[in-house]
Each structure stands twice: as C-alpha cells, then as structure tokens.
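Report on the structure given below.
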Amino acid sequence: ECGPPAVVTDKGILLLYNGKNNPQKGDKRFTGNAYCAGQVLFDKADPTKAIGRLDAPFLRPMEPFEKSGQYVNGTVFIEGLVYHQNKWFLYYGCADSRVGVAVYDPAKKAPADPLPE
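Per this note's numbering, residue 290 is the first one in the sequence shown, and the count goes up by one each step.
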C-alpha cells in the first residue's frame with residue numbers, strides 16, 4: 290500500500306510504501322504479520338518501470354510503542370513526508386495506537402541499522 294506521495298528525484302521517482310510480512314513466505318528476519326516500510330524507484334522516462342527496490346524494510350517496528358496497542362505484532366505505517374529546514378520528516382502510525390516521526394538529516398551520516406540474522 291502506498292505511503293506518502295511519490296518524490297521526483299534526479300535518479301527517478303521514489304515511492305515509499307507499506308507492506309505486511311507474511312509469516313509463511315515472508316522474510317524470516319522480521320516478525321510475521323508486522324507492517325514495515327519499503328522503497329521502490331521508478332524510471333522518470335517510463336514511470337511504469339521499476340528500476341530499483343530495497344531488499345529489506347528501511348523502517349520497521351523496533352520500539353515498544355511500535356509493538357503495543359492494537360497491533361502487537363508491530364506496525365510502522367508511513368503516512369506523510371515533509372521536507373523542512375533541510376531535513377526529511379516521515380510521519381507514521383505505530384501499532385494503530387500512536388503517531389511517530391522519523392527524521393533524516395542528509396547533512397549527517399546516519400549510523401547503519403544492522404539487519405537481524
């Protein structure tokens with residue numbers, strides 16, 4: 290399911306989306322039935338052609354408030370994206386009970402998020 294409106298970049302059209310991890314066929318590194326956020330890049334010349342996609346979620350439920358409330362398997366459901374004062378603010382629902390915001394500052398190097406094994 291699509292998240293915030295797509296962003297046109299010099300590399301293509303970036304679409305952020307929400308997905309549910311299938312407990313039988315999904316990625317075993319993550320909780321089954323958890324909702325996570327992904328990214329796919331489309332060609333600007335042919336917006337129907339996907340040219341890149343992340344292999345793992347870029348945002349996933351990790352904090353207690355993202356795994357409690359109405360959906361305890363974990364939910365980060367991205368809804369809004371704002372570029373403000375040279376930073377990106379990504380607003381998301383947490384376990385159908387709260388709202389969170391993830392902030393990305395392109396000027397700062399973010400620490401790597403090691404994937405579970």
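For glycine and all other residues, C-beta sits at the position ideal for the given N, C-alpha and C.
Since we're looking at a predicted model, the values are computed, not measured.
{"Item": "Counterpart residues of G369 in DSSP-defined beta bridges", "Value": "Y380"}
{"Item": "The segment 348-366 contacting the segment 313-323, beta-carbon criterion three pairs below 8 angstroms", "Value": "yes"}
{"Item": "Which listed residue (C383, L330, Q313 and P405) has its alpha carbon closest to that of A295", "Value": "L330"}
{"Item": "Cβ shell of D332 (< 6 angstroms), same chain only, five flanking positions each side left out", "Value": "G301, K338 and I340"}
{"Item": "Beta-carbon proximity check, P293 vs G389, cutoff 7 angstroms", "Value": "no"}
{"Item": "Reduced DSSP secondary structure (H/G/I, E/B, other) of F347", "Value": "coil"}
{"Item": "Member of D344, Y380 and S357 whose CA lies at the smallest distance from the CA of G315", "Value": "D344"}
{"Item": "Start and end residues, beta strand (DSSP E) containing C325", "Value": "Y324 to F331"}
{"Item": "Boundaries (first-last residue) of the beta strand (DSSP E) holding A391", "Value": "R387 to Y393"}
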